[in-house]
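Here is the structure we will look at.
Number of protein chains: 2
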Amino acid sequence: MPVVSIHEPVQEELAKVQAALDAVKRNEFSLLEGMLGNVLSASGKRLRPTIALLAGRFGEYRPHLLVPLAASIELLHTATLVHDDVIDASDTRRGRPTTNARHHNAAAVMLGDYMFAHAANLICQTESIEVVKLFSRTLMAMASGELTQDMSAYEYGQDTMAYFGRIEGKTASLFTTSAEGGAMVATATPEHIAALRAYGDNVGMAFQVVDDILDFSGDEAELGKPVGSDLMQGTLTLPALLLMERHPDDNPVKKLFADNHSEEHLAEALFMIQNSTILDESRAVARDFRDRAVAALEPLPDTPDRAALIDIADYVLSRQQ
Amino acid sequence: MPVVSIHEPVQEELAKVQAALDAVKRNEFSLLEGMLGNVLSASGKRLRPTIALLAGRFGEYRPHLLVPLAASIELLHTATLVHDDVIDASDTRRGRPTTNARHHNAAAVMLGDYMFAHAANLICQTESIEVVKLFSRTLMAMASGELTQDMSAYEYGQDTMAYFGRIEGKTASLFTTSAEGGAMVATATPEHIAALRAYGDNVGMAFQVVDDILDFSGDEAELGKPVGSDLMQGTLTLPALLLMERHPDDNPVKKLFADNHSEEHLAEALFMIQNSTILDESRAVARDFRDRAVAALEPLPDTPDRAALIDIADYVLSRQQ
Chain A
555 MPVVSIHEPV
565 QEELAKVQAA
575 LDAVKRNEFS
585 LLEGMLGNVL
595 SASGKRLRPT
605 IALLAGRFGE
615 YRPHLLVPLA
625 ASIELLHTAT
635 LVHDDVIDAS
645 DTRRGRPTTN
655 ARHHNAAAVM
665 LGDYMFAHAA
675 NLICQTESIE
685 VVKLFSRTLM
695 AMASGELTQD
705 MSAYEYGQDT
715 MAYFGRIEGK
725 TASLFTTSAE
735 GGAMVATATP
745 EHIAALRAYG
755 DNVGMAFQVV
765 DDILDFSGDE
775 AELGKPVGSD
785 LMQGTLTLPA
795 LLLMERHPDD
805 NPVKKLFADN
815 HSEEHLAEAL
825 FMIQNSTILD
835 ESRAVARDFR
845 DRAVAALEPL
855 PDTPDRAALI
865 DIADYVLSRQ
875 Q
Chain B
555 MPVVSIHEPV
565 QEELAKVQAA
575 LDAVKRNEFS
585 LLEGMLGNVL
595 SASGKRLRPT
605 IALLAGRFGE
615 YRPHLLVPLA
625 ASIELLHTAT
635 LVHDDVIDAS
645 DTRRGRPTTN
655 ARHHNAAAVM
665 LGDYMFAHAA
675 NLICQTESIE
685 VVKLFSRTLM
695 AMASGELTQD
705 MSAYEYGQDT
715 MAYFGRIEGK
725 TASLFTTSAE
735 GGAMVATATP
745 EHIAALRAYG
755 DNVGMAFQVV
765 DDILDFSGDE
775 AELGKPVGSD
785 LMQGTLTLPA
795 LLLMERHPDD
805 NPVKKLFADN
815 HSEEHLAEAL
825 FMIQNSTILD
835 ESRAVARDFR
845 DRAVAALEPL
855 PDTPDRAALI
865 DIADYVLSRQ
875 Q
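Respectively, the protein sequence lines represent chains A and B.
Just add 554 to the spot in the first sequence (first one is 1) and you have our numbering.
Just add 554 to the spot in the second sequence (first one is 1) and you have our numbering.
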């Protein structure tokens, strides 16, 4: 399915979102402008803003409030990526050098803060204290999820429930806010707001599970990072957790965490995950989230906007990078 | 003048602000709780929240909205300090190890983000989109000021106007928001809001000028950092700018920036600044800001709250660390 169909119903508004992001880039300092240009390039899929714009069609359509909401969400998302790259000490993202690699950690910290500030400013343009509250709770959930992941790194004995809780905060919460925020700005009915919230949550969960599968199954060149890098950083994701469940007493993850720089144990874990049904099982979990997302849309009228939301759920499931 | 008099009229509310900050500290992760405990210890002067609470007395006094505002401001202030220490690669703050020194940069970045998120959440409790907007603009001004400082580091040829603009964003903006935000929550008259905004701006400017003087005149043990560290980091503050104005063609700052690790040129710059009238001139500038702050309060009724605001301006001018 072509990606274009996802964006089709809201193409005009997405152009305005891009204009809002371009306005953030313009800065008296050419170095800062360059840094913002790199991280806010138009190459992304813009999934979150697209969801926000589509959700805003189920009620009173108010593009002048939806565009700042969508731009704010994309900016917040990008700001967290900039800080994540400092936190993970990543040199590349999608094959391009990160801000911390191009410049230094200090620049990346400041750049992220500057983008958070702009995101906060844009969200206020919705003129709704309820939407701003939603935004602030999301920020808390994301920061908590990220912290939880870091603090539990190399900690053996986590289970899939803890994993789902963590990715709900770290990733799904912003998808939820995109859908729920869009519906709130449109003053949709409580039933429709709840439907879109559930949609966002499940699409976000599917997104992260697929991301975590790609870390084991993906192509290093397409991913722009080495296969198995989550595990090497001590982060337990679904495939690794399923491996541990199958071999509770003796498995390479346990050995890897006991000696966290062993390429040999990493290679063994990758081999066992790739040559078993673990990735298929993980894909089934992602598909289940996709199905729940689509089912959640049931109460909404059958419009091209709803169809586009279903397309997004399918795209999230099928993406290869 | 004893510091206690500053806090006297709002002691009860300050205790509630501390309780709100203590609530932020409580966390399921003991490591995070420990980190938050270190940065949110009750040892600070709480100047900004005190100003917010006092400003909130000029109108309809609503402590249930003012306390979250004041707590949010202190949390935001502390979050920026945590990130500043990463940006400046500082090992100590007020003689105690920084978060990045105790743990690592990643932890400090996440801790700061987590605190920003909580600050955003608290500010929403004011239930005023106008106050949240003020907050977001302040965040932008602070981030811009910090970025401007970093990007113009070791850049010779700045003037005092650029310096005042930078410290207005970096420091004064949060003082302004404390005073203006408190007055807005109290639905004070436009005239009183404007008076308190001008007060906050000028107190904040005085605060930063004094800070920059202390970097040259202070005691290393009391400051908890080496004398002259701004200059060593390439940051031009008022005393250095005055030195450059006096000796435009040949001065040690020029040499220091050309060869930015020379202890010899730093020592020479320190000697020339300390053994001239430059620090007195700088103190006169700080006093001028203090006087403007006090004059700005003229339209307000002569109450113990106004007297406490004047005490704060005097305290800012007289502080030695």
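Ideal placement from N, C-alpha and C gives every residue a C-beta, glycine not left out.
In this text, all values refer to a predicted model and were calculated from it rather than measured experimentally.
So which of the options has the shortest CA-CA distance to residue i?
i, options, result
"B/A733", "B/A847, B/N805, B/G666 and B/I641", "B/A847"
"B/Y753", "B/P802, B/A609, B/V739 and B/K599", "B/A609"
"A/E684", "A/T731, A/D834 and A/G723", "A/T731"
"A/D667", "A/E566, A/L693 and A/P802", "A/L693"
"B/P563", "B/V640, B/K579, B/I605 and B/F689", "B/I605"
"A/M696", "A/E681, A/V686, A/G723 and A/H819", "A/G723"
"B/L820", "B/L851, B/A577 and B/P780", "B/P780"
"A/T702", "B/M664, B/A716, B/G735 and B/Y717", "B/M664"
"A/L623", "A/S690, A/D639 and A/A643", "A/S690"
"A/E745", "A/A643, A/G613 and A/A707", "A/G613"
"B/E587", "A/F811, A/D834, A/S698 and A/T634", "A/S698"
"A/S595", "A/R650, A/D813 and A/L607", "A/R650"
"A/R611", "A/L871, A/T857 and A/D868", "A/T857"
"B/I641", "B/S727, B/V870 and B/H658", "B/H658"
"B/Q787", "B/L768, B/N805, B/L810 and B/D803", "B/L810"
"A/R841", "A/L620, A/V870, A/F825 and A/M826", "A/V870"
"B/P603", "B/A577, B/G591 and B/V621", "B/V621"
"B/A674", "A/A661, A/A812 and A/L688", "A/L688"
"B/H561", "B/L590, B/L607, B/I677 and B/A573", "B/L607"
"B/L619", "B/D638, B/G735 and B/S706", "B/G735"
"B/K570", "B/L590, B/R600 and B/N592", "B/R600"
Taking the beta carbon of residue i as the centre, do at least 16 other beta carbons fall within 10 Å, making it buried, or is it exposed?
i, result
"B/M555", "Its pLDDT being 45, under 50, B/M555 is placed unreliably by the model, and the measurement read from it follows with that caveat. So B/M555 counts as exposed."
"A/D765", "buried"
"B/R844", "buried"
"A/M669", "buried"
"B/T743", "exposed"
"B/R580", "exposed"
"B/N829", "exposed"
"A/H631", "buried"
"A/Q565", "exposed"
"A/G782", "buried"
"A/H801", "exposed"
"A/A574", "buried"
How far does the alpha helix (DSSP H) with residue i in it extend, from its first residue to its last?
i, result
"A/F670", "N659 to C678"
"A/V764", "P744 to S771"
"B/A609", "L601 to A609"
"A/H801", "Note, A/H801: premise wrong, no alpha helix (DSSP H); not H, not E."
"B/E566", "Q565 to K579"
"B/V781", "Premise fails: B/V781 is in no alpha helix (DSSP H) and is neither H nor E."
"A/G719", "T714 to I721"
"A/K687", "I683 to M705"
"B/Y869", "P858 to S872"
"A/R846", "I832 to A850"
Using the Cα positions of residue i and residue j, report the straight-line distance between them to the nearest angstrom.
i, j, result
"B/Y615", "A/L568", "44 Å"
"A/G711", "A/L795", "9 Å"
"A/R873", "B/K808", "55 Å"
"A/T749", "A/T714", "The amino acid at residue 749 of chain A is misidentified as Thr; the sequence shows Ala. Whole-angstrom Cα-Cα distance: 25 Å."
"B/R751", "A/T741", "35 Å"
"A/I866", "B/F770", "59 Å"
"B/D859", "B/E799", "41 Å"
"A/G758", "A/V636", "20 Å"
"A/D755", "A/F729", "6 Å"
"A/L629", "A/E822", "39 Å"
"B/A633", "A/E852", "43 Å"
"B/L792", "B/S836", "7 Å"
"A/T725", "A/A760", "10 Å"
"A/L833", "A/F825", "12 Å"
"B/V763", "B/V839", "8 Å"
"A/S682", "B/I767", "43 Å"
"A/I627", "A/E700", "17 Å"
Please list, in chain order, the residues of the segment 689-721 of chain A that have any C-beta partner in chain B closer than 9 Å. Only F689, S690, R691, T692, L693, M694, A695, M696, A697, S698, E700, L701, T702, D704, M705 and S706 from the segment 689-721 of chain A bring a Cβ to less than 9 Å from some Cβ of chain B.
Pull out every residue of the segment 642-674 of chain B whose Cβ sits closer than 9 Å to any Cβ of chain A, in chain order. Near chain A, meaning a CB-to-CB distance below 9 Å, the residues of the segment 642-674 of chain B are D642, A643, N659, A660, A661, A662, V663, M664, L665, G666, D667, Y668, M669, F670, A671, H672, A673 and A674.
Using a Cβ-Cβ cut-off of less than 7 Å, list which residues of the segment 733-751 of chain B approach chain A; keep chain order. Residues: none.
Could you name the residues of the segment 627-640 of chain A whose beta carbon sits closer than 7 Å to any beta carbon of chain B, in the order they occur along the chain? Going along the segment 627-640 of chain A in chain order, one finds H637 and V640 with a Cβ nearer than 7 Å to chain B.
The segment 769-803 of chain B: positions lying closer than 8 Å to chain A by Cβ: Cβ contacts with chain A: none found.
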